[in-house]
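Enquirer:
Right under this line is the structure:
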């Protein structure tokens with residue numbers, strides 16, 4: 001007796017209609033047949049093998065790869081050189097892949113800028129020891145993020161500079177590049193406020209104005225280091241000067257501790273000629 005039970009496609013689960021003659025179909029379409037064939041050709045994963053990446057993970061990695069290509073072009077040649085074909089070549093993918101992920105070049109530039117903001121924030125959070133019990137040291141660490149202290153920060157500063165120039169004539173990019181909330185200035189103002197509450201700041205300072213000056217100044221000084229107009233040591237000395245003006249008590253304690261550490265550190269003893277006269 002023939003089995004009249006309705007069968008289903010083993011790939012997509014669609015019901016398979018039994019033909020009036022001939023062998024019953026195994027798959028609902030050639031597409032499902034091809035997918036099943038490709039699955040059979042793949043080797044079985046060994047024990048302990050991590051699960052295969054989901055399509056969304058693969059998509060996110062490809063978008064990140066394309067965005068990184070935009071960053072490299074922007075840092076080395078400026079955004080004017082970032083054509084879709086140039087970006088595809090830099091990312092090592094076809095132009096069709098770039099167009100699949102991004103509807104237009106402008107959408108790609110905006111998304112790459114957002115990803116760069118997220119990447120910089122992630123790295124900064126990992127580097128900065130968030131300790132409000134020492135607001136002066138915390139603020140110093142925050143300001144260091146504006147300076148090209150290593151290759152990653154120098155690279156990011158170059159990319160942001162390229163985007164800044166483009167944002168002057170592109171309001172959409174400007175909205176991403178220059179947010180109305182000014183979170184960095186707000187963070188710096190909050191740190192200064194913590195110092196005020198602890199009594200370690202100078203009297204009569206305006207935390208909002210000081211924050212605006214420090215953020216803008218640190219960014220501009222970082223650019224001067226990239227242009228080799230100033231040395232990194234000279235720029236940090238300028239920032240230390242302003243920190244000492246805002247946190248005179250904390251800076252005095254830091255200087256005192258530094259001198260004490262140098263005095264007790266092991267090293268060659270001074271010769272008799274190096275001692276000051278006793279006055280006897």
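Numbering (the working numbering), first residue to last: 1 to 280.
Each residue gets a CB set at the ideal place from its N, CA and C atoms; glycine is no exception.
Which of helix, strand or coil does DSSP assign to residue 168?
Expert: Correct three-state label for residue 168: coil.
Enquirer: Which residue wins for smallest C-alpha separation from residue 64, given the options 114, 76 and 165?
Expert: Selected option, being the one with the closest Cα: 114.
Enquirer: Does DSSP put residue 7 in a helix, in a strand, or in coil?
Expert: Residue 7: strand per DSSP, three-state reduction.
Enquirer: Step through the CB atoms of chain C and report whether any lies within less than 8 Å of the CB of residue 148.
Expert: Among the chains of the structure shown, chain C does not appear; only one protein chain is present.
Enquirer: What three-state label does DSSP hand residue 15 in the structure shown?
Expert: It is a strand residue.
Enquirer: Quick check: residue 162 and residue 79, are their CB atoms within less than 8 Å of each other?
Expert: Yes, these two residues count as a Cβ contact at 8 Å.
Enquirer: Kindly indicate which residue of 14, 212, 67 and 235 has the alpha-carbon position closest to the one of residue 119.
Expert: Here the closest residue by C-alpha is 67.
Enquirer: Can you tell which of 17, 139 and 173 has the C-alpha that lies nearest to the C-alpha of residue 193?
Expert: Considering only alpha carbons, the answer is 139.
Enquirer: Residue 7 to residue 21, Cα distance in whole Å?
Expert: Using only the alpha carbons, I get a separation of about 16 Å.
Enquirer: Tell me which same chain residues have a C-beta within less than 6 Å of the C-beta of residue 255, skipping the five on either side of it?
Expert: Confidence is the limiting factor: at residue 255 the pLDDT is only 47, short of 50, which leaves the residue's position unreliable, though a coordinate-based value still follows. Closer than 6 Å at the Cβ level, and outside the excluded window around residue 255, lies no residue.
Enquirer: For residue 190 and residue 110, what's the separation of their Cα atoms in angstroms?
Expert: Distance between the alpha carbons of residue 190 and residue 110 is about 29 Å.
Enquirer: I'd like the ranges of any alpha helix (DSSP H) spanning at least 4 consecutive residues and lying wholly in the region 111–147.
Expert: Counting only runs of 4 or more, we get 135–144.
Enquirer: Using C-beta distances below 6 Å, list every residue in its chain close to residue 207, excluding the 5 sequence neighbours before and after it, in chain order.
Expert: Excluding positions up to five away in sequence, the list reads 189, 192 and 193.
Enquirer: Quick check on DSSP: helix, strand or coil for residue 98?
Expert: DSSP places residue 98 in helix when its eight states are reduced to three.
Enquirer: DSSP on residue 228, reduced to helix/strand/coil?
Expert: In this structure, residue 228 counts as coil in the three-state DSSP scheme.
Enquirer: Given that a residue counts as buried once 16 or more other Cβ atoms are within 10 Å of its Cβ, and exposed if not, what is residue 135?
Expert: Its Cβ being crowded by 16 or more others within 10 Å, residue 135 is buried.
Enquirer: For the alpha helix (DSSP H) that contains residue 192, what are its first and last residues?
Expert: First-last of the alpha helix (DSSP H) with residue 192: 183–198.
Enquirer: Tell me which same chain residues have a C-beta within less than 7 Å of the C-beta of residue 23, skipping the five on either side of it?
Expert: Cβ within range, chain order: n/a, list empty.
Enquirer: Quick check: what's the CA-CA separation for residue 18 versus residue 26?
Expert: For residue 18 and residue 26, the distance between alpha carbons rounds to 10 Å.
Enquirer: By the three-class DSSP mapping on this structure, what secondary structure does residue 27 have?
Expert: Here residue 27 sits in coil by DSSP.
Enquirer: What is the residue span of the alpha helix (DSSP H) that residue 87 lies within?
Expert: Its alpha helix (DSSP H) spans residues 84–91.
Enquirer: Measure the C-alpha to C-alpha separation of residue 242 and residue 145 and round it to an integer number of angstroms.
Expert: Each residue's alpha carbon lies about 16 Å from the other.
Enquirer: Judging by CA-CA distance, which residue of 141, 112 and 77 is the nearest neighbour of residue 126?
Expert: When only C-alpha atoms are compared, the closest one is 141.
Enquirer: Here's the rule I'm using: 16 or more other beta-carbon atoms within 10 Å means buried, otherwise exposed. How should residue 159 be labelled?
Expert: It is buried - the Cβ of residue 159 has at least 16 other Cβ atoms within 10 Å.
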